[in-house]
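One structure is given here, and the rest of the page talks about it.
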Amino acid sequence: MKELVLSQFLNPKYSDLSIMCGDEVFPAHRNIVCPQSTYFEIACDGRFKEGNGEIRLDDRDPMLIRKMLEFLYIGDYTYEAMGDFDAENDSGDLPQTDLVTDLQADAGTEVFSHSEANTSSANPRTGQAFFHAQMYAQGAYFQIDGLKTRAKEYFEKSFMKFPDRESFTSAVLEVYDSTGGDDRELRDLVIQMTTDNLLLLRAGENPILDRTLLEMVPNFMLDICLSALDSALSGIPVVGLLVVYLGLTRPPESGKRISHRRPIATGHIIRLLSFRVVVTLLAVLGVEIAVFGHPKTPVVGTISLGVAKSLMWYFLLQTAEHCSWSVTAAIGTFSIVASRNPFTLTSNIQALSHLIASLFVLRQVISLLPDKAKSKSALWICIVVYLVPYLINNYSIHVANTSVIQSSTHPIDQLIQDAKANFQALLERQSNSYTAACEEYRRRYGMEPPPGFENWYNFAKAHQSPVIDDFDIIYDRISPFWSISGTEVTEAIDRLQHTPNSDVWVCTFSAEEARTNCNHPHRSVDRNIQGFLNTVLTDPRGLLPDVKFLVNHLDEPRVLLPPSSERSGSLHMTHYSKRPVWDTLVKCCPSQGSKEADKPTVEAFGLPFVTDRHSTTDLCKHPEYRGSHGLFISPTSFPLIEGLVPILSTGSLSTMGDILYPSPAYLESEFEYVEAKDISWDSKHNTLYWAGSTTGGFAVNDDWQSFHRQRFVKLAQNLGNKPHSYLREGKGVVSLVKSSFLNSRLFDVAFTRIFQCETRYCRDQQALFRTKSWADKDEALHSRLVFDIDGNGISGRYYKLLASKSAPLKQTLLREWHDDRLMPWVHYIPISQSMEELPEMVMYFTSEAGQKRAREIAEEGREWFLKAFRKEDLTIYMYRVLLELARLQDPKRSARRA
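Whatever position you read off the sequence shown (first residue = 1), add 17 for this note's numbering.
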């Protein structure tokens, strides 16, 4: 088949589409071009001349059109003027296969040889990145995602490979000229590679990156400045110092060298420099306000800091007039190490190292001052700047550790005991025969099991499934569809399949081949959906019927079921991306009685410990969730479908109707648990660990502070200036106390990437949070407590944490397929949506008594994961889902009326 497609490249035989570009006509085939390009798909629906099948592209470059078609037919494209690059192709940089070369020759495309390239007056490497930027633009214009990806890959390899001023300038100009402001992939790559290679680009008498290019492309210069803002601790000083440096330094006259031995700090020079610095910083501040809006920092605070900084520089210059300039570096170092807040440091060693460093640097400052300086020994008093907070912090930690309630009287201890009893009861009640399983099915659901249930039961028992009866999550999601007939279900699937921008995969399971094939109207990358289904559905060959079903492509759930009284065959899709959706999600909640949460089964003394997982995730019982989760406030993508249509999703909310299936991400290598990367419990840090990005919502206003991930990191870094709740025992009575203290030694939590936000709100988050530049994917396994939280959808790292030797803490509002078999307080530690109990919980589980409980949960969760989350268990679940879906679509099935 592949060779057949390749043979049709620029072959007029069987062509049903002509792409006309100037005087050139390119024969094409709709069934090859249209599925890969949204542009051509729309054009072929009626925007071209129907009589002769022509599409005119007179404003495009014929050579680029030819290369674009080459990609659509071959899956790759070649550089038009490769020259003497054959040797480089051996390394895999820019492949040019014999097949591609032969096709080029057949189509009349010029193929350069070594001799031709070497005799050419043009440098064969000039313009390579420029060419790939052009190809990226073709992919963007014609909406060919694969071409964009390939062109970006080639551009990255060629942009800085053999840089010279001509090729660098032409590539930057093309990137900024041909890509729009909304498509930043290639622009961001240019900025990253430019900043990473700035020394190389500015080296020599005629640097590759010069003032001319910055003047020609102002947006390029602005993006470089913004990149510096993103990566620096303080954006304004960095950019300000850069502008000051470029504006105040002058190149030496020809034949002269710069002397570093002349005086530096005279009163006249200081006054001139001060004036220029102030003017420059004001100008930079004006640019920042124009780009990002007014900063959130209070004006009084900003002015105070500015005055303090000015005084610091004034006294530094005065001091340097009387001794070595080395003292300025020493004073600066002292100000850095001594001004760190010990309450925010994540380890005792780190806090102690700052104290030791402060002592050494202060000693150096004193030794650099002239002997005639009066009372210089009195400067030792400056050590109190860090010593006093350090001692207070250590005392607060000691008091907190000694105040933790012992295990026998702590509410968590009772929650764990109750959960263990419930889990044991779940295991004991599973059916041990087919007859018993059928009776239990009828008892639970009031109907007969689906056809093929006996084969499913035998398959589950043969593969030692620990769960036979508890699949309520499937029936709860299937049951609303009993109100329509099997024919109506099939019609709904077909209707949504042909709805534009529905973004669902249409999958068909073949019983004969035991294989699933999935198709999408315009996507080619299916996020491993088909691969996952073919991995878990190969064993029950011949046991399942042919089934057609829909799978959600997005992270977010999709289906909102209408009230039973309003159910019909109609489907409505509304895009709620980047706008509030709470009212829509809860509009079908019962008007009375549902908003009262269940009473806790354990005395929690005012802390919201999770005692009923199902109730905790019920949106109808918790109207306070409205402003506490990014999905409700400003979802990144949320094309909501209202109507009765079965769609498989990896996670869903309580008020939605998606049918749940295991996420393909759980089997991907990125989230795979590798035991060799794990360490023993005793070797792990006694801390809570989490590192990740700001997924979960898209920030378009200040509401990002209420997104779930931002609230968690804000709490863990103690940035909210709010008191925390702790349980304390006095005279045999447990009570709730409030304290602003949070033991930062127990929290290793940070964002590694801030995105999904408009520029000014990305800046605000970068200014607020302490971030990490990078975190190893297995770093969590070095801590005893590991946190997991929703992103845009479910978290793919959850199973890795369950399988590890650490105890997972889980906060989620999304229901998943495994909810029937995972028991909170036995296999993991549940966290409420408010997270108000988290400080007390971390204090408890890191205490001597609590560590034993945490270790038990880690071991229980790991053992159960190995028993109930094998590939066979995923197969057993999906097998039962397809049985229910097949019965749901049976054309002979009539609608059940309530």
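Ideal placement from N, C-alpha and C gives every residue a C-beta, glycine not left out.
These numbers were taken from a predicted model, which means no experiment stands behind them.
Excluding the 5 residues preceding and the 5 following residue i in the sequence, name in chain order all residues of the same chain whose CB lies nearer than 7 Å to its CB.
{"i": "Ile834", "result": "Just to set this straight, residue 834 is Trp in the shown sequence, not Ile. So the list reads Ile490, Leu677, Tyr678, Pro679, Tyr894, once near-sequence residues are dropped."}
{"i": "Ala146", "result": "Phe172, Ser175, Phe176, Ser184, Ala188"}
{"i": "Leu250", "result": "Note that Leu250 scores a pLDDT of 40, beneath 50, so its modelled location is shaky; the value from the coordinates is reported in the next line. Cβ within range, chain order: n/a, list empty."}
{"i": "Val603", "result": "Leu636, Cys637, Thr672"}
{"i": "Leu855", "result": "Leu732, Ile848"}
{"i": "Gly221", "result": "none"}
{"i": "Leu372", "result": "Tyr403, Leu404, Tyr407"}
{"i": "Leu333", "result": "Thr345, Ile348"}
{"i": "Asp907", "result": "Gly503"}
{"i": "Glu775", "result": "Ala716, Val717"}
{"i": "Thr350", "result": "Val378"}
Can you tell me which residues form a DSSP beta bridge with residue i?
{"i": "Gly749", "result": "Per DSSP, none; premise fails for Gly749."}
{"i": "Phe406", "result": "According to the sequence shown, residue 406 is Pro rather than Phe. In the DSSP output, where bridge partners are listed per residue, Pro406 has none listed."}
{"i": "Lys950", "result": "Here the chain comprises residues numbered 18 to 915, so residue 950 is not present and cannot be evaluated."}
{"i": "Leu566", "result": "With the sequence shown as reference, residue 566 is identified as Phe, and Leu is not the correct amino acid for it. Per DSSP, Cys524."}
{"i": "Leu72", "result": "The sequence given here has Ile at residue 72, not Leu. Ile36, per the DSSP bridge assignment."}
{"i": "Ala150", "result": "Its beta-bridge partners do not exist; DSSP assigns none."}
{"i": "Trp998", "result": "Outside the shown range of the chain, which is 18 to 915, sits residue 998, and nothing can be said about it."}
{"i": "Cys774", "result": "Ala716"}
{"i": "Cys242", "result": "DSSP, once it has assigned bridges, lists no residue as partnering Cys242."}
{"i": "Leu788", "result": "This sequence places Thr at residue 788; Leu is not what is there. DSSP output for Thr788 lists Phe768 as bridge partner(s)."}
{"i": "Asn536", "result": "Val523"}
{"i": "Met590", "result": "Ile658"}
{"i": "Pro841", "result": "Tyr845"}
{"i": "Tyr743", "result": "Val754"}
{"i": "Ser6", "result": "Nothing about residue 6 can be read from this structure; the chain reaches only from 18 to 915."}
{"i": "Leu577", "result": "Glu659"}
Could you pull out every residue in the same chain whose Cβ sits closer than 6 Å to the Cβ of residue i, ignoring the five residues on either side in sequence?
{"i": "Arg558", "result": "Ala531"}
{"i": "Thr618", "result": "Thr628"}
{"i": "Ala919", "result": "Not covered by the structure: residue 919. The range shown for the chain is 18 to 915."}
{"i": "Phe88", "result": "Tyr94, Leu164"}
{"i": "Ser130", "result": "Model confidence at Ser130 stands at a pLDDT of 33, short of 50, so the residue's coordinates are unreliable; what they give is reported in the following sentence. Within the same chain, Ser130 has no close Cβ partners at all."}
Starting from the C-beta of residue i, find all residues in its chain whose C-beta is less than 8 Å away, skip the five residues before and the five after it, and write them out in chain order.
{"i": "Ser352", "result": "Met329"}
{"i": "Cys605", "result": "Leu577, Leu578, Pro579, Pro580, Thr672"}
{"i": "Gly39", "result": "Asp75, Pro79"}
{"i": "Asp227", "result": "Arg182"}
{"i": "Ile49", "result": "Val22, Gln25, Leu89, Tyr90"}
{"i": "Arg787", "result": "Thr361, Gln734, Ala767"}
{"i": "Gly257", "result": "Model confidence at Gly257 stands at a pLDDT of 48, short of 50, so the residue's coordinates are unreliable; what they give is reported in the following sentence. Taken in chain order, the residues that qualify are Val294, Thr297, Leu298, Val301."}
So, is residue i buried or exposed, given that buried needs 16 or more other C-beta atoms within 10 angstroms?
{"i": "Asn410", "result": "buried"}
{"i": "Asp181", "result": "exposed"}
{"i": "Thr769", "result": "exposed"}
{"i": "Ala733", "result": "buried"}
{"i": "Thr452", "result": "exposed"}
{"i": "Thr211", "result": "buried"}
{"i": "Val295", "result": "exposed"}
{"i": "Arg762", "result": "buried"}
{"i": "Asp123", "result": "Its pLDDT being 39, under 50, Asp123 is placed unreliably in this model, and the value from its coordinates should be taken loosely. The residue is exposed, with fewer than 16 neighbouring Cβ atoms inside 10 Å."}
{"i": "Pro467", "result": "buried"}
{"i": "Gly878", "result": "buried"}
{"i": "Thr525", "result": "exposed"}
{"i": "Arg838", "result": "buried"}
{"i": "Glu641", "result": "exposed"}
{"i": "Leu905", "result": "buried"}
Compare the C-beta of residue i with all C-beta atoms of chain D and state if any pair is closer than 7 Å.
{"i": "Ile366", "result": "The chain inventory of the structure shown lacks chain D, comprising one protein chain alone."}
Is there contact between the stretch 815–828 and the stretch 654–666, where contact requires at least three CB pairs shorter than 8 Å?
Using a C-beta cut-off of 8 Å, the stretch 815–828 makes no contact with the stretch 654–666, since fewer than three inter-stretch Cβ pairs fall below that distance.
Are three or more beta carbon pairs between the stretch 625–639 and the stretch 543–551 nearer than 8 Å?
no
In chain order, which alpha helix (DSSP H) runs of at least 4 residues are fully inside the stretch 600–686?
630–633, 647–650
Using 8 Å as the Cβ pair cut-off and three pairs as the minimum, do the stretch 894–906 and the stretch 561–577 touch?
yes
Quick one: complete beta strand (DSSP E) runs, 3+ long, within the stretch 27–61?
34–38, 41–45
Ranges of the alpha helix (DSSP H) found wholly within the stretch 427–515, counting only runs of at least 4:
428–445, 451–462, 470–479, 489–495, 503–514
Closer than 8 Å is the cut-off here; do at least three beta carbon pairs connect the stretch 777–792 with the stretch 688–701?
At 8 Å Cβ cutoff, the stretches do not touch.
On the three-pair Cβ rule with 8 Å, is the stretch 515–530 touching the stretch 431–451?
no
Do the stretch 651–658 and the stretch 711–723 touch if we need at least three Cβ pairs shorter than 8 Å?
yes
Decide if the stretch 414–427 is in contact with the stretch 857–873; the criterion is three or more beta carbon pairs, one per stretch, under 8 Å apart.
yes
For a minimum of 4 consecutive residues, which ranges assigned as the alpha helix (DSSP H) are wholly contained in the stretch 852–884?
855–862
Taking only runs of the alpha helix (DSSP H) that begin and end inside the stretch 299–353, which ones reach a length of at least 4 residues, in chain order?
List check, alpha helix (DSSP H) in window: 316–337.
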